[in-house]
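Colleague: So the sequence shown is numbered by this note's numbering: it starts at -6 and just counts up by one.
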Amino acid sequence: MNDPTTQQTLATLRTCLSQTPSKEIFESICTTLDQCASSDQYETAFRYTEDHIKTWPASLRTRDLWRYWPTCPHGTPAPSTPLLRHFVYPSYIQLSKIKEENALTPLDDEGLRILMASNALECITHFTFESQPFLSAKSIDYIVGSPHAPKIQFLSLHDSDLNEEAATPFANTKRLSALRHLDLGLTHPPKKRPEHEPYYHDESLGTTGAQALATSQHLTSLRTLNLSGQSIGAKGVLALAQAPLLQNLESIDLSHNDIAGLSNLFTRNNIDESGRKKGVRGFLQSSIEQLMGPNNITTNGANILARSPHTSNLKRLRLADNAIGDEGVIALAHSPYLTRLNHLDLDNNQFGDLGLQALSKGNQHHLHTLILSNNKLTDRSLHALTSSDSVLTQLTHLDLSWNTNITSEGLEHIARCEHFSGLDVLDLTGIPLKGYVGHVLLGFSPFLKPSIRREHLNALDEDILRQEALKRHIPIPKHTERDTLLDVILSANKHI
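(1) Run the CB neighbour count on Arg475, radius 10 Å, all protein chains shown included, and call it buried at 16 or more, exposed below.
(2) Would you kindly work out how many angstroms separate the C-alpha atoms of Gly104 and Pro66, rounded to a whole number?
(3) Cα separation between Arg216 and Glu123?
(4) What are the boundary residues of the alpha helix (DSSP H) that includes Thr200?
(5) Whose CA, out of Thr69, Asp152, Ile364 and Phe163, lies closest to the CA of Ile86?
(6) In the DSSP assignment, find the alpha helix (DSSP H) that holds Ser484 and state where it starts and stops.
(7) Would Thr37 count as contacting chain D if we go by Cβ distances under 7 Å?
(8) Less than 7 Å between the beta carbons of Ala408 and Leu435, yes or no?
(9) With distances taken from CA atoms, which of Asn296, Lys308 and His211 is nearest Ser328?
(10) Would you mind reading off the limits of the beta strand (DSSP E) that contains Ser244?
(11) Less than 8 Å between C-beta atoms, sequence neighbours within five positions excluded: which residues of the same chain meet that for Asn241?
(12) Once the 5 residues before and after Pro72 are set aside, which same chain residues still bring their CB inside 6 Å of it?
(13) I'd like the span of the alpha helix (DSSP H) that includes Ala134, first residue to last.
(14) Are the beta-carbon atoms of Gly423 and Ser401 separated by less than 7 Å?
(15) Within 10 angstroms of its Cβ, does Glu157 collect 16 or more other Cβ (buried), or is it exposed?
(16) Please state whether DSSP places Ile364 in a helix, a strand or coil.
(17) What number of angstroms, rounded off, separates the C-alpha of His543 from the C-alpha of Pro99?
(18) Mind checking Lys167: buried by the 16 CB within 10 Å criterion, or exposed?
(19) Using 10 angstroms around the beta-carbon of Ile107, count the other beta-carbons present and answer buried if the total reaches 16, otherwise exposed.
(20) Would you mind reading off the limits of the beta strand (DSSP E) that contains Arg311?
(21) Does the beta-carbon distance from Leu363 to Asp319 come in below 7 Å?
(22) Using the DSSP secondary-structure output, state which residues sit across from Asn219 in a beta bridge.
(23) Are the beta-carbon atoms belonging to Ser149 and Thr180 less than 7 Å from one another?
(24) Does Phe127 come out as helix, strand or coil in the three-state DSSP assignment?
(25) When you compare the CB positions of Gly229 and Ala203, do they come within less than 7 Å of one another, or not?
(26) Should Arg405 be labelled buried (16 or more other beta-carbon atoms within 10 Å of its own) or exposed?
(27) Do the CB positions of Asn356 and Thr386 come within less than 7 Å of each other?
(28) With burial defined as no fewer than 16 other Cβ atoms inside 10 Å of the residue's Cβ, what is the status of Ser484: buried or exposed?
(29) Pull the bridge partners of His79 from the DSSP assignment, please.
(30) Indicate the three-state DSSP secondary structure (helix, strand or coil) for His359 in the structure shown.
(31) Please state the DSSP three-state secondary structure of Leu26.
(32) Within 10 Å of its beta-carbon, does Asp454 have 16 or more other beta-carbons around it, so buried, or fewer, so exposed?
(33) Under 8 Å by Cβ, that's how I've got Ser139 and Ala164 pegged, so tell me the actual separation to the nearest angstrom.
(34) Let me know the secondary structure DSSP gives Ser32 once reduced to three states.
(35) Do Pro75 and Cys116 come within 7 Å of each other at the CB atom, strictly closer than that value?
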């Protein structure tokens, strides 16, 4: 203990432990411990550290694999490895970018078998094996059969090449009783995989895989489930909606699954009376935000959604890229159930003035975030949105981007709208501002917040700023610097 090097490393350790927990601090702690691994006081230092980080979340107790186990799954990792709680195997792309010398190679089934049998992982509760193109359904057997399986709380195989057979081990096992988070999602559905990713085999769980998962009687501890992009279809969703695993589920991501048969979820004939109806209701209320994604529900799906009492507690609804059109938006606006929404995303849904006019006088009085980008809105839409009888008076985030038919007339409606004074974000990307006219209207608005006004004032030449200020009887000293000029304009509460 009197060795100066040991004293120095232990002092560093104490300094690290006194700081705010982070991945970087954890890395420093482990590196420091590894440096004094040969000291006769190592066990004391290790226990001291272990006691001080026991409340740290597993997400912070992780390291880059090549730093502590460069020969994984072979050989022996660094002495501090028992402090880790989250094991992350580098993705295929990450491995190709690692500069340091190491023996790590893309993970295959045999490598995973060896890894999951290793005693080095006995303290790990979180496992991430994302973007591993050489794993197959057999790898799930190795995970489920591992001595570590009963302790696993978090498992991510995101963007790994799994087919319908991969669902069966999950469905049949009793050994994942602690599992809270399961991510089997795909960033890109198989038919939309980028061409520059040739190592994927374009497989997915499909409807059969989703139905297999739905039969599990032992995954009832799950809180989050990600099956995005897995081509499960409407039948797969229906099976999940009636599954025991929904018992404690808080979030499910089923986006990018082309659920055109959405009506199955909302039809009472498909729900028996033995308690499953409650499960479907809970499923819908907690999960529709992720369920809707780009899933091609169209106008029919929006109509069914609007008529469903299962949506009465919903606060966030993401319907981007669903082609619901004006009729679908009108149905949502008039829904007697969708009255608690505070976040609504209608990006790229092929609707125009009729839809927004209905929404402006609809039942969604509590909306804070409204995404209307990439549609067919015109100045008439903005007149309805900003009218005195509009119900959309609590907006803090409004996205009108890429509605290219909006002109300066529509922007003037925004600039003169008193109930837009609470906006923190106003996205007008892609809207032609007709030279400086649009920037003048918004920059000199008496109602918009200074942060939004400054953005548009900054787009104007100084001569124009002075001219427009003069028109509004805002006194500007002749030799004022630009920043001061902006501050003077922003502080002036003159009406347009």
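Even for Gly, the Cβ is constructed at its ideal location relative to N, Cα and C.
The structure presented is a predicted model; accordingly, all values stated were derived computationally and were not measured.
Modeller: According to the data block:
(1) Stepping through the sequence shown from its first residue, residue 475 is reached at position 482. Under this definition Arg475 is an exposed residue.
(2) Within the sequence shown, numbered from 1, the residue matching residue 104 stands at position 111. Within the sequence shown, numbered from 1, the residue matching residue 66 stands at position 73. One alpha carbon belongs to Gly104, the other to Pro66, and they sit about 6 Å apart.
(3) As a first step, residue 216 must be located in the sequence shown, where it is residue number 223. As a first step, residue 123 must be located in the sequence shown, where it is residue number 130. If you take the alpha carbons of Arg216 and Glu123, they lie about 20 Å apart.
(4) To locate residue 200, count along the sequence shown from 1; it is residue 207. First-last of the alpha helix (DSSP H) with Thr200: Gly199 to Ala207.
(5) Here the question's residue 86 lines up with position 93 in the sequence shown. Per the Cα distances, Asp152.
(6) Walking along the sequence shown from the start, residue 484 turns up at place 491. Start and end: Arg475 to Ser484.
(7) Considering every chain present, this structure includes no chain D. It has just one protein chain.
(8) The residue you call residue 408 lines up with position 415 of the sequence shown. The residue you call residue 435 lines up with position 442 of the sequence shown. A contact, by the Cβ cut-off of 7 Å.
(9) Counting from 1 along the sequence shown, the entry for residue 328 is found at position 335. The shortest C-alpha separation from Ser328 is found at Asn296.
(10) Here residue 244 is taken as the residue at index 251 of the sequence shown, counted from 1. Taken as a continuous stretch (DSSP letters only), the beta strand (DSSP E) holding Ser244 covers Ser244 to Asp246.
(11) Start at 1 with the first residue of the sequence shown, and residue 241 comes out as number 248. Thr213, Ser214, Leu215 and Arg216.
(12) One-based indexing of the sequence shown puts residue 72 at position 79. Answer for Pro72: Asp27 and Ala30, listed in chain order.
(13) As a position in the sequence shown, residue 134 is number 141, starting the count at 1. The sequence given here places Asp at residue 134; Ala does not occur at that position. Segment Ala130 to Val137, the alpha helix (DSSP H) holding Asp134.
(14) Here residue 423 refers to the residue found at position 430 when the sequence shown is read from its first residue. Here residue 401 refers to the residue found at position 408 when the sequence shown is read from its first residue. Their beta carbons are not under 7 Å apart, which means Gly423 does not touch Ser401 by this criterion.
(15) In the sequence shown, the residue the question calls residue 157 occupies position 164. A residue is called buried when at least 16 other Cβ atoms come within 10 angstroms of its Cβ; Glu157 meets this threshold and is buried.
(16) As a working note, residue 364 is residue 371 in the sequence shown. DSSP, read as helix, strand or coil, puts Ile364 in strand.
(17) No statement about residue 543 is possible, as the shown extent of the chain runs from -6 to 489 and does not include it.
(18) Position 174 of the sequence shown, counted from the start, is the residue given in the question as residue 167. Exposed.
(19) The count along the sequence shown starts at 1 and reaches residue 107 at position 114. Looking at its Cβ environment, which holds fewer than 16 other Cβ atoms inside 10 Å, Ile107 is exposed.
(20) Position 318 of the sequence shown, counted from the start, is the residue given in the question as residue 311. That run of the beta strand (DSSP E) goes Arg309 to Arg311.
(21) The residue you call residue 363 lines up with position 370 of the sequence shown. The residue you call residue 319 lines up with position 326 of the sequence shown. Contact flag unset, no.
(22) Residue 219 sits at position 226 when you count from the first residue of the sequence shown. Asn219 is bridged to Asp176 and Asp246.
(23) Here residue 149 refers to the residue found at position 156 of the sequence shown. Here residue 180 refers to the residue found at position 187 of the sequence shown. Taking 7 Å as the Cβ cut-off, Ser149 and Thr180 do not qualify as a contacting pair.
(24) One-based indexing of the sequence shown puts residue 127 at position 134. Three-state DSSP puts Phe127 in coil, outside helix and strand.
(25) Reading the sequence shown from its first residue, position 236 is the one you call residue 229. Reading the sequence shown from its first residue, position 210 is the one you call residue 203. Yes, they are a contact pair.
(26) Taking the first residue of the sequence shown as 1, we reach residue 405 at position 412. The question names Arg, but residue 405 is Glu in the sequence shown. By the neighbour-count rule (16 or more Cβ atoms within 10 Å), Glu405 is buried.
(27) Translated into positions along the sequence shown, residue 356 becomes position 363. Translated into positions along the sequence shown, residue 386 becomes position 393. Against a cut-off of 7 Å, the Cβ pair of Thr386 and Asn356 comes out as no contact.
(28) Here residue 484 refers to the residue found at position 491 of the sequence shown. Its Cβ having fewer than 16 others within 10 Å, Ser484 is exposed.
(29) As a working note, residue 79 is residue 86 in the sequence shown. Per DSSP, His119.
(30) As a working note, residue 359 is residue 366 in the sequence shown. Coil, per DSSP.
(31) The residue you call residue 26 lines up with position 33 of the sequence shown. Looking at Leu26 - three-state DSSP - the assignment turns out to be helix.
(32) Counting from 1 along the sequence shown, the entry for residue 454 is found at position 461. It counts as exposed.
(33) Taking the sequence shown and counting its residues from 1, the one referred to as residue 139 is at position 146. Taking the sequence shown and counting its residues from 1, the one referred to as residue 164 is at position 171. Contact between Ser139 and Ala164 fails: their C-beta atoms lie close to 17 Å from each other, not under 8 Å.
(34) Walking along the sequence shown from the start, residue 32 turns up at place 39. Reduced to three states, the DSSP call for Ser32 is coil.
(35) In the sequence shown, the residue the question calls residue 116 occupies position 123. In the sequence shown, the residue the question calls residue 75 occupies position 82. Cβ atoms of Cys116 and Pro75: closer than 7 Å.
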